[in-house]
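Asks: Chains as they are written, first to last, in the numbering used here: chain A, 10 to 222; chain B, 27 to 211. No residue lacks a Cβ here, since even glycine has one placed at the ideal position from N, Cα and C.
(1) CB residue 40 of chain A to CB residue 91 of chain A, shorter than 8 Å?
(2) Nearest by alpha-carbon distance to residue 91 of chain B: which of A:195, A:167, A:20 is it?
(3) For residue 201 of chain B, I'd like the list of residues in its chain whose CB is within less than 6 Å of its CB, leaving aside the five on either flank, ordered along the chain.
(4) Using a Cβ-Cβ cut-off of 8 Å (strictly less than) and excluding sequence neighbours within five positions of residue 134 of chain A, which residues of its own chain qualify?
(5) If you follow the alpha helix (DSSP H) that residue 103 of chain A is in, where does it begin and where does it stop?
(6) Any idea what DSSP makes of residue 11 of chain A, helix, strand or coil?
(7) Which of helix, strand or coil does DSSP assign to residue 178 of chain B?
(8) Classify residue 162 of chain B: buried if its beta carbon has 16 or more other beta carbons within 10 angstroms, exposed otherwise.
(9) Where does residue 61 of chain A fall in DSSP's three states?
(10) For the alpha helix (DSSP H) containing residue 185 of chain A, list its first residue and its last residue.
(11) Give me the Cα-Cα distance between residue 18 of chain A and residue 47 of chain A, rounded to the nearest whole angstrom.
(12) For a test of the three-state rule: what should DSSP assign to residue 146 of chain B, helix, strand or coil?
(13) Give me, in chain order, the residues of the same chain whose beta-carbon lies closer than 8 Å to that of residue 133 of chain B; leave out the 5 immediate sequence neighbours on both sides.
(14) Can you pull the chain B residues whose beta carbon is under 8 Å from the beta carbon of residue 154 of chain A, in chain order?
(15) Return the Cβ separation of residue 151 of chain B and residue 197 of chain B in integer angstroms, given the expectation that the two are a contact with Cβ distance under 8 Å.
(16) Could you check how far apart the C-beta atoms of residue 16 of chain A and residue 54 of chain B are, in whole angstroms? I think they sit under 8 Å.
(17) Return the Cβ separation of residue 144 of chain A and residue 207 of chain A in integer angstroms, given the expectation that the two are a contact with Cβ distance under 8 Å.
(18) Apply the 10 Å Cβ neighbour rule to residue 193 of chain B and answer buried if 16 or more other Cβ atoms are within range, or exposed otherwise.
(19) Counting only Cβ-Cβ distances shorter than 9 Å, please list the residues of the stretch 20–41 of chain A near chain B, keeping chain order.
(20) Pick from A:211, A:126, A:178, A:170: whose alpha carbon is nearest that of residue 202 of chain A?
(21) Please report how far the alpha carbon of residue 1 of chain A lies from the alpha carbon of residue 171 of chain A, in whole angstroms.
(22) Could you check whether the Cβ of residue 66 of chain B sits closer than 8 Å to any Cβ belonging to chain E?
(23) Should residue 159 of chain B be flagged as near chain A, meaning a C-beta pair shorter than 8 Å?
(24) Three-state secondary structure (DSSP) at residue 113 of chain B?
(25) Is it right to say residue 98 of chain A is buried, meaning 16 or more other beta carbons lie within 10 angstroms of its own, or is it exposed?
(26) Does residue 163 of chain B have its Cβ less than 8 Å from a Cβ in chain A?
(27) Going by beta carbon distance, what residues of the same chain come within less than 8 Å of residue 76 of chain B, once the five residues before and after it are set aside?
(28) When the cut-off is 8 Å and only beta carbons count, does residue 77 of chain B lie next to chain A?
(29) Applying the 10 Å Cβ sphere with the 16-neighbour rule, what's the burial state of residue 63 of chain A?
(30) From residue 49 of chain A to residue 146 of chain A, what does the alpha carbon distance come to, in whole angstroms?
(31) Beta-carbon of residue 121 of chain A versus every beta-carbon of chain B: anything under 8 Å?
(32) With C-beta atoms as the reference, is residue 115 of chain A less than 8 Å away from residue 198 of chain A?
(33) Using only CA atoms, which one of B:43, B:165, B:156, B:51 lies nearest to residue 34 of chain B?
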């Protein structure tokens with residue numbers, strides 16, 4: 010095929026593109042991901058039964074805030090990474106800002122706490138459940154984020170996949186937070202953070218396979 | 027580089043608004059840069075000019091089907107470079123394992139002589155088109171090759187205008203995907 014013929018074909022009757030479509034799709038993916046994570050978590054692990062306590066509600070909100078920060082930083086970074094050359098615009102470390110900030114706060118909480126409480130604060134009672142549930146629940150939101158990325162044109166597939174994992178893990182953590190009864194800052198930082206890091210690693214491994222174009 | 031960022035970008039902005047002439051001019055300029063770029067990268071490794079042209083066409087198709095990913099608030103040339111570079115690395119990886127380690131710094135430099143040879147790739151458009159579902163074939167044939175309007179094509183195929191548009195869009199995406207997989211796989 011002659012390149013001139015291809016050019017002629019591509020440019021004949023070219024359709025205008027819809028500029029706002031990308032952000033609409035991304036917003037749709039975020040809403041869908043958060044809603045499905047919460048639904049799956051409620052259906053499988055169930056809602057914690059002690060929510061009438063104000064102190065507990067505070068921790069639930071804190072977990073939501075942490076997960077929400079992870080998702081919003083991730084989505085912002087992803088909107089760059091989804092476009093050709095987007096990986097050059099920001100350092101990947103930037104996407105980990107919420108986790109680093111939370112680890113710092115958690116470290117302060119540990120320093121302030123009595124030594125005998127340290128183990129309970131970090132390990133909680135259900136750390137393994139947390140570490141497993143968050144990546145498992147993240148599968149559906151991850152598929153939604155991949156759907157979006159496949160309509161775009163990421164040129165760094167490892168990084169795009171990794172950040173897709175972070176976003177999915179963050180959404181999943183929102184759902185899991187409704188069930189989780191381990192209420193301490195260090196627990197959230199270590200195990201929620203750890204579970205999201207696992208999602209990021211899985212995403213980075215899968216990225217080149219799923220996102221190639 | 028001879029053509030400047032401002033010129034390319036203004037063509038791209040018009041193209042995204044649906045101006046066929048601007049889009050054609052842009053594709054013309056880009057194809058010349060891409061040809062020169064891929065020839066420099068491939069001929070030095072004992073690859074043929076036809077392979078370079080395969081890649082030019084693959085990139086043009088990729089740019090077309092993913093043109094919505096260009097953000098008009100950002101410069102155009104880095105966007106184009108990123109696609110060209112991505113496709114080159116992808117091509118070298120899938121055509122020979124030994125080329126997996128492409129030094130990125132060398133690849134980035136697009137400022138090469140503009141080459142205007144009469145260029146032909148190893149792709150066969152007829153064959154590619156036949157691999158598509160019939161409704162996509164017809165939509166592309168009528169609107170993109172014969173130059174009928176979307177409304178006329180809709181009347182001829184007794185479908186809706188939006189069905190024609192969707193079929194063109196999906197058909198070209200499928201062509202781009204086939205081209206990206208068939209080269210010496």
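Replies: Quick answer:
(1) Locating residue 40 of chain A in the first chain gives position 31, where the first residue counts as 1. Locating residue 91 of chain A in the first chain gives position 82, where the first residue counts as 1. Cβ distance not < 8 Å, so residue 40 of chain A and residue 91 of chain A don't count as in contact.
(2) The sequence position of residue 91 of chain B within the second chain is 65, counting from 1. Cα-wise, what sits closest to residue 91 of chain B is A:20.
(3) Here residue 201 of chain B corresponds to residue number 175 of the second chain, with the count starting at 1. Non-local beta-carbon contacts of residue 201 of chain B in its own chain, meaning distances under 6 Å to residues more than five positions away in sequence, involve 154 in chain order.
(4) By one-based count along the first chain, residue 134 of chain A stands at place 125. Same-chain partners within the cutoff: 190, 191.
(5) Here residue 103 of chain A refers to the residue found at position 94 when the first chain is read from its first residue. It is not in any alpha helix (DSSP H) - residue 103 of chain A carries neither H nor E in the DSSP assignment.
(6) For the purposes of this step, residue 11 of chain A is identified with residue 2 of the first chain, where counting begins at 1. If DSSP states are grouped into helix, strand and coil, residue 11 of chain A belongs with the strands.
(7) Within the second chain, numbered from 1, the residue matching residue 178 of chain B stands at position 152. Look at residue 178 of chain B here: in three-state DSSP terms it is helix.
(8) As a position in the second chain, residue 162 of chain B is number 136, starting the count at 1. It counts as buried.
(9) Here residue 61 of chain A refers to the residue found at position 52 when the first chain is read from its first residue. Coil.
(10) Your numbering for residue 185 of chain A matches position 176 in the first chain. Element bounds for residue 185 of chain A: 166–186.
(11) As a working mapping, residue 18 of chain A is identified with position 9 in the first chain. As a working mapping, residue 47 of chain A is identified with position 38 in the first chain. Each residue's Cα considered, the two are about 47 Å apart.
(12) Residue mapping note: residue 146 of chain B aligns to position 120 of the second chain, counting from 1. The three-state secondary structure of residue 146 of chain B, taken from DSSP, is strand.
(13) Position 107 of the second chain, counted from the first residue, corresponds to residue 133 of chain B. Because the pLDDT at residue 133 of chain B is just 48, under 50, the model does not fix this residue reliably, and the point stays unresolved.
(14) In the first chain, the residue the question calls residue 154 of chain A occupies position 145. Residues of chain B passing the Cβ test: none, with the nearest at roughly 16 Å.
(15) Position 125 of the second chain holds residue 151 of chain B. Position 171 of the second chain holds residue 197 of chain B. Contact flag wrong, Cβ pair sits at about 12 Å.
(16) Position 7 of the first chain, counting from 1, holds the residue named residue 16 of chain A. Position 28 of the second chain, counting from 1, holds the residue named residue 54 of chain B. Contact between residue 16 of chain A and residue 54 of chain B is confirmed by a C-beta separation of about 6 Å, below the 8 Å threshold.
(17) Taking the first chain and counting its residues from 1, one reaches residue 144 of chain A at position 135. Taking the first chain and counting its residues from 1, one reaches residue 207 of chain A at position 198. Sure, about 5 Å apart at Cβ, within 8 Å.
(18) As a position in the second chain, residue 193 of chain B is number 167, starting the count at 1. Only buried fits residue 193 of chain B, as 16 or more other CB atoms lie within 10 angstroms of its CB.
(19) Going along the stretch 20–41 of chain A in chain order, one finds 20, 21, 22, 23, 24, 25, 26, 27, 28, 30, 31 with a Cβ nearer than 9 Å to chain B.
(20) Here the question's residue 202 of chain A lines up with position 193 in the first chain. Here the closest residue by C-alpha is A:178.
(21) Nothing about residue 1 of chain A can be read from this structure; chain A reaches only from 10 to 222.
(22) Note that chain E does not occur in the displayed structure, where the protein chains are A and B.
(23) Taking the first residue of the second chain as position 1, residue 159 of chain B is located at position 133. Chain A, which has no Cβ nearer than 8 Å to the Cβ of residue 159 of chain B, makes this no.
(24) Taking the second chain and counting its residues from 1, one reaches residue 113 of chain B at position 87. For residue 113 of chain B, the three-state secondary structure derived from DSSP is helix.
(25) Within the first chain, the letter at position 89 stands for residue 98 of chain A. Exposed.
(26) As a working mapping, residue 163 of chain B is identified with position 137 in the second chain. No, no contact with chain A.
(27) Working through the second chain from its first residue, we reach residue 76 of chain B at position 50. The beta carbon of residue 76 of chain B sits closer than 8 Å to the beta carbons of 146, 147, 148 from its chain, once the five residues preceding and following it are set aside; these are given in chain order.
(28) For this step, residue 77 of chain B is matched to residue 51 along the second chain. So, not an interface residue.
(29) For this step, residue 63 of chain A is matched to residue 54 along the first chain. Burial call: exposed.
(30) As a first step, residue 49 of chain A must be located in the first chain, where it is residue number 40. As a first step, residue 146 of chain A must be located in the first chain, where it is residue number 137. So the alpha carbons of these two residues sit roughly 7 Å apart.
(31) Residue 121 of chain A sits at position 112 when you count from the first residue of the first chain. It does not; no Cβ of chain B falls within 8 Å.
(32) If you number the first chain from 1, residue 115 of chain A lands on position 106. If you number the first chain from 1, residue 198 of chain A lands on position 189. Going by C-beta atoms, residue 115 of chain A is nearer than 8 Å to residue 198 of chain A.
(33) The sequence position of residue 34 of chain B within the second chain is 8, counting from 1. Of the candidates B:43, B:165, B:156, B:51, B:51 places its Cα closest to the Cα of residue 34 of chain B.
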